[in-house]
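Engineer: Take this structure, written in structure tokens, and hold onto it; I'll ask about it next.
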Amino acid sequence: MATQDKVAPKMALWESVKTTDKAFTKTQDLEGRPVTSINGMYVVQRATETFGPIGKGWGYEILVDRFDQGAPIRDKKSGEVIAHEQMHTILLKLWYVHGGKRNNVTQYGHTPFVRSSQWGAYTDFDAPKKSLTDAIKKCLSLIGFCADVHMGMFEDEIYLQGLELKKRLEEAGEDGKQEVMNEAKADFRAWVETQIEVIAATNNQRSLEAMRKTICEKAREKAKVVNYDPADVEHRINEAADERLQFLNDKYPAGK
1 MATQDKVAPK
11 MALWESVKTT
21 DKAFTKTQDL
31 EGRPVTSING
41 MYVVQRATET
51 FGPIGKGWGY
61 EILVDRFDQG
71 APIRDKKSGE
81 VIAHEQMHTI
91 LLKLWYVHGG
101 KRNNVTQYGH
111 TPFVRSSQWG
121 AYTDFDAPKK
131 SLTDAIKKCL
141 SLIGFCADVH
151 MGMFEDEIYL
161 QGLELKKRLE
171 EAGEDGKQEV
181 MNEAKADFRA
191 WVETQIEVIA
201 ATNNQRSLEA
211 MRKTICEKAR
221 EKAKVVNYDP
231 ADVEHRINEA
241 ADERLQFLND
251 KYPAGK
């Protein structure tokens, strides 16, 4: 296995572009699961910040541009096939200059062009443009751009809280940083106390142990966000859980 010293330089580009500004994302429910999309121009801006203007520091070439036939579209009354769905597909090669060398990556972009809807057949004449944006974002994702979204981190409430705190600290500047951090720590302490109150009200040993595990896991992650020692926080929660467990064992001794 590679050592940390050897891995770090290889991950430098990835680490520098992996974080996404939540303001340029949109999360929607898709068939019961959250799906986060990223603003296309935001990704282009990030690439320009990293490599320079498009056409000079980075750019792309369309290798394949086609329409693929899909499922049949049937008349709602007769059931006869009146058309077929069509998918617009492009294969894009994106190049970028990094470390004095020109590199490239390829990815496909797809967008429904003709599709069936509850109102009948529908044509999206913006499909080629959307496919281009899709392919650009996919290519850039392979070198780390907005990796936190693509790796599912935007489904993690604590991760999003960390992003929000980071943004508040940046906006506060040097003079206001400490006040913002103090507020965040106070909110965290209040959250811990609330969890301890919940533990103290638990009336079942099995539920208590499950709750202890869940709260400790969440507390460890939250503690890192506000620069608290996770071990200290976990110790405080375990103390409260042990105290409650002793009370329950005394009140409901096993075998009686």
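Oh and the sequence shown: position 110 is 110 in UniProt numbering, straight run, nothing missing.
Virtual Cβ for every residue (Gly too), placed ideally from N, Cα, C.
(1) Return the chain-ordered list of same chain residues with a C-beta closer than 7 Å to the C-beta of residue 121, the five sequence neighbours on each side being excluded.
(2) Output yes or no for whether 8 Å exceeds the beta carbon distance between residue 245 and residue 195.
(3) At what residue ranges does the stretch 66-126 contain a whole run of the beta strand (DSSP E), taking only runs of 3 or more?
(4) Measure the C-alpha to C-alpha separation of residue 96 and residue 139 and round it to an integer number of angstroms.
(5) For residue 59, I'd like the list of residues in its chain whose CB is within less than 7 Å of its CB, leaving aside the five on either flank, ordered along the chain.
(6) Just the Cα atoms here: how many angstroms apart are residue 85 and residue 125?
(7) What residue range does the beta strand (DSSP E) around residue 26 cover?
(8) Taking its Cβ as the centre, do 16 or more other Cβ atoms sit within 10 Å of residue 153, making it buried, or is it exposed?
(9) Using only alpha-carbon positions, find the residue among 240, 159, 213, 164 that is nearest to residue 197.
(10) Count the C-beta pairs between the stretch 223-237 and the stretch 175-193 that are closer than 8 Å, then say yes if the count reaches three, no if not.
Structural biologist: With the given structure in hand:
(1) 73, 83, 114
(2) no
(3) 81-98, 101-117, 120-123
(4) 11 Å
(5) 95
(6) 14 Å
(7) 25-30
(8) buried
(9) 240
(10) yes
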